[in-house]
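I have placed the structure first, in the form of structure tokens, so that the comments after it can refer back to it.
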Amino acid sequence: MSDLPALSHPRVGVLAVQGAFAEHADALRAVGAEPAEVRLPGDLEGLDGLVIPGGESTTLGLVAGRSGLLEALRAAVGGGLPVLGTCAGMIVLARATACGEDQPLVGGMDIVVRRNAFGRQVASFEADLDMPVVGPEPLRAVFIRAPWIESAGPGVEVLATWGGHPVAAREGARLVMAFHPELTPDRRVHRLFVDGVRARRDGTGRQAASGGARVGAQ
Ligand code: GLN
């Protein structure tokens, strides 16, 4: 029986150089993961997965760049460490930004993102998203100066859209959300991520690591 390891508590790092560490840590605990703060390159050792929270993507890139963490993140994500990036976390996981801002990125996802895409007037808003991958109930999403996905490669599966723009996507073990799933009581996004981390770590399924070839549908 390979069921027992699936009940284990994967160790999931949360990048804590800035942004909402505590809320992500609580959400991870709620779905059975063991959260760990990541501030320095060495903190990435022994992790089964990683969350890159929202905040300010330029600050995140600069601060992480100074300590060598940026390089370590590139190596970890490039090496297949499952990662969930939310808002600014989604931006740093992109291969590029639409306006070509000169800011350091981790990369790893075949997406181009537009920062502050919803404009100044609607900088922050909430919306009910259809995201069938987490179930039929709409997902309440909090957008704060959010990006959207401007374009995505063929290996990227779009999980949700808002106003015709992709705002959630998956590529292999990498999951990105333009909004803040840690700010609502709904834990389905963190559960989706941690289930994928467990499946990958414990070998209980390959679906989380295999990626999808579809764009849009779901
Ligand atoms: N607008 C921010 C950026 O460009 C992201 C905002 C957020 O993470 N809530 O980095």
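All letters in the sequence shown, in the order written, are residues 437 to 654 by our numbering.
Beta carbons: idealized from backbone N, C-alpha and C, even for Gly.
Between residue i and the rest of its own chain, which residues show a CB-CB distance below 6 Å, the 5 nearest in sequence each way excluded?
i, result
"Phe-579", "Phe-561, Phe-615"
"Ala-512", "Leu-480"
"Leu-628", "Val-570"
"Val-450", "Phe-457, His-460, Ala-461, Pro-471, Val-487"
Is residue i close to the ligand GLN? I mean its beta-carbon at under 7 Å from any heavy atom of the ligand.
i, result
"Cys-535", "no"
"Glu-492", "yes"
"Ala-524", "yes"
"Trp-583", "First, the amino acid is wrong: residue 583 is Pro here, not Trp. It does: the Cβ of Pro-583 is within 7 Å (strictly closer) of some heavy atom of the ligand GLN."
"Arg-531", "no"
"Ile-527", "yes"
"Ile-580", "yes"
"Arg-465", "no"
"Arg-576", "no"
"Arg-550", "no"
Please list, in chain order, all residues of the same chain as residue i whose beta carbon is under 7 Å from its beta carbon, the five residues on each side excluded.
i, result
"Leu-509", "Ala-500, Val-542"
"Met-526", "Val-549, Pro-583, Val-612, Met-613, Ala-614"
"Val-528", "Ile-488, Ser-493, Leu-496, Gly-497, Gly-521, Leu-541, Val-542"
"Arg-475", "Ala-452, Val-453"
"Trp-598", "Ala-563, Leu-565"
What is the DSSP secondary structure of residue i, counted as helix, strand or coil?
i, result
"Phe-561", "strand"
"Thr-597", "strand"
"Met-567", "coil"
"Glu-607", "strand"
"Arg-642", "Residue placement at Arg-642 is flagged as unreliable, the pLDDT there being 44, under the threshold of 50; a coordinate-derived value is accordingly withheld."
"Asp-631", "helix"
"Ala-524", "helix"
"Pro-602", "strand"
"Leu-619", "helix"
Kindly confirm or deny that the stretch 580-587 and the stretch 546-553 touch, where touching means at least three C-beta pairs closer than 8 Å.
-> yes
Is the stretch 556-576 touching the stretch 613-632 in the sense that three or more CB pairs, one from each, lie closer than 8 Å?
-> yes
Please specify which runs of the alpha helix (DSSP H), each continuous and at least 4 residues long, are wholly inside the stretch 440-515, giving them in chain order.
-> 457-466, 493-503, 505-514
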